[in-house]
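Residue numbers (the numbering used here): 37 to 417.
The beta carbon of each residue, even a glycine, is placed where N, CA and C say it ideally should be.
Have a look at the structure below before the remarks.
Laid out in structure tokens, this is it:
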């Protein structure tokens, strides 16, 4: 049995009334001892009739001394030491009601032996032996009952401790499960909040990026429109300037062509006049006049040479390149030279190569082409 100091911390408190039950049990034991004592005393008084019996044995034995007339009082049972109260013990069962010892049955005396020496009369021992056995049996039963009660209380206490341990473990498991559930719920809530915040931030960033892209696109479109408008205006201004320059150069070219034509006419007239100087003064000089190029001959020459011009590049403006061509009477080109550059070397070279590819000039209304002849070319003519 465990002491009170070794009682676990979680054992329920002892029920009230245990001390009273123990006191009642001790009082019952004391009363039982007193009853047994007084019952034995009056049965062993000297006024009871005594009987004598002889027991024969093959071995001679000394007779027992006679019992004293006054029986020694039996020691009263000592009260059990008071132990520390155990947790939740059930009240002890009431002690069994003592049954009075049976009266000794008188034994009939055997026939007297022949001339034996009279032996001292022994005191009857049967009541003491029976009482002693009854008392030992009762003490053994009480001891066994106490052992069984202690075992029962131990098992009950162990069961209570196990139940308490299981309850505590169950409570701890439930608390742990609740804590884990709360932690998991908190983690899920935090993760959900974090995901929502991240999604919101991503949506905001996407909206900002889209707004910026739209603003950039609008700004780019506005800049492109402005640049296009400016380029169109610049192109229009350039075209106007180029047109004015072309018109100016066309007028200058026309004037130069007319001047060249007049110079050619004068040169041819001089040559014709020298050849026909023997004519009369009234002569009108039709030969000299008829030796000059016709008004449409320049267009014929340009139509013959221009298809041979190969120049894929674009030229700013419309510059004019003039080439002097010397021909034979049959129109075969004998030589050419650049008399006026356009300012673009590539265009000048393209015009000279075109004259070389032409090889011959057309006849002027059945007459030989004038030689030398100055021809002008523009890229946009």
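For residue i, the three-state DSSP class (helix, strand or coil)
i: residue 346; result: coil
i: residue 351; result: coil
i: residue 402; result: coil
i: residue 56; result: helix
Residue closest to residue i, alpha-carbon to alpha-carbon, out of the options
i: residue 394; options: 357, 178, 401 and 336; result: 336
i: residue 410; options: 352, 64 and 289; result: 289
i: residue 353; options: 299, 414 and 360; result: 414
i: residue 360; options: 206, 241 and 406; result: 406
i: residue 402; options: 338, 358, 330 and 343; result: 330
i: residue 72; options: 233, 59, 174 and 56; result: 174
i: residue 357; options: 388, 229 and 295; result: 388
i: residue 346; options: 392, 207, 259 and 178; result: 392
i: residue 58; options: 76, 182 and 168; result: 182
i: residue 65; options: 178, 384, 281 and 229; result: 178
i: residue 171; options: 69, 281 and 365; result: 69
i: residue 76; options: 343, 265, 238 and 165; result: 165
i: residue 343; options: 210, 284 and 386; result: 386
i: residue 367; options: 351, 384 and 340; result: 340
i: residue 364; options: 338, 277, 408 and 223; result: 408
Spatial neighbours of residue i in its chain, beta-carbon cut-off 7 Å, leaving aside the 5 residues before and after
i: residue 379; result: 355
i: residue 334; result: 293
i: residue 299; result: none
i: residue 369; result: 361, 363, 391, 394, 395, 396 and 397
Sequence-distant residues of its chain with Cβ nearer than 8 Å to residue i (five each side left out)
i: residue 349; result: 382
i: residue 260; result: none
i: residue 296; result: 410
i: residue 169; result: none
i: residue 338; result: 411, 413 and 417
Nonlocal neighbours in the same chain, by C-beta distance under 6 Å from residue i, ignoring five residues either side
i: residue 161; result: Per-residue confidence for residue 161 stands at a pLDDT of 49, beneath the threshold of 50, marking its modelled position as unreliable; no derived number is given.
i: residue 416; result: 354
i: residue 192; result: none
i: residue 404; result: 365
Near the ligand SAM: residue i beta-carbon under 7 Å from a heavy atom
i: residue 410; result: For the structure depicted, the ligand SAM is absent and the ligand set is empty, with no information on it obtainable.
- prompt: Three or more C-beta pairs closer than 8 Å, one from the stretch 258-278 and one from the stretch 391-406: is that the case here?
  reply: Taking one beta carbon from each stretch, the stretch 258-278 and the stretch 391-406 have fewer than 3 pairs nearer than 8 Å; the two do not touch.
task: Could I get the ranges of all uninterrupted beta strand (DSSP E) runs contained in the stretch 359-397, with 3 residues as the minimum, in chain order?
output: List check, beta strand (DSSP E) in window: 369-376.
- request: Indicate whether the contact test is met: 3 or more Cβ pairs, each with one atom in the stretch 360-374 and one in the stretch 252-269, closer than 8 Å.
  value: Result no; under three Cβ-Cβ pairs closer than 8 Å.
field: Whole beta strand (DSSP E) elements within the stretch 233-282, 3-residue minimum
entry: You should have found no qualifying run.
field: Start-end ranges of the alpha helix (DSSP H) lying completely within the stretch 157-234, minimum 4 residues
entry: DSSP assignment within the stretch 157-234 yields no whole alpha helix (DSSP H) run of 4 residues or more.
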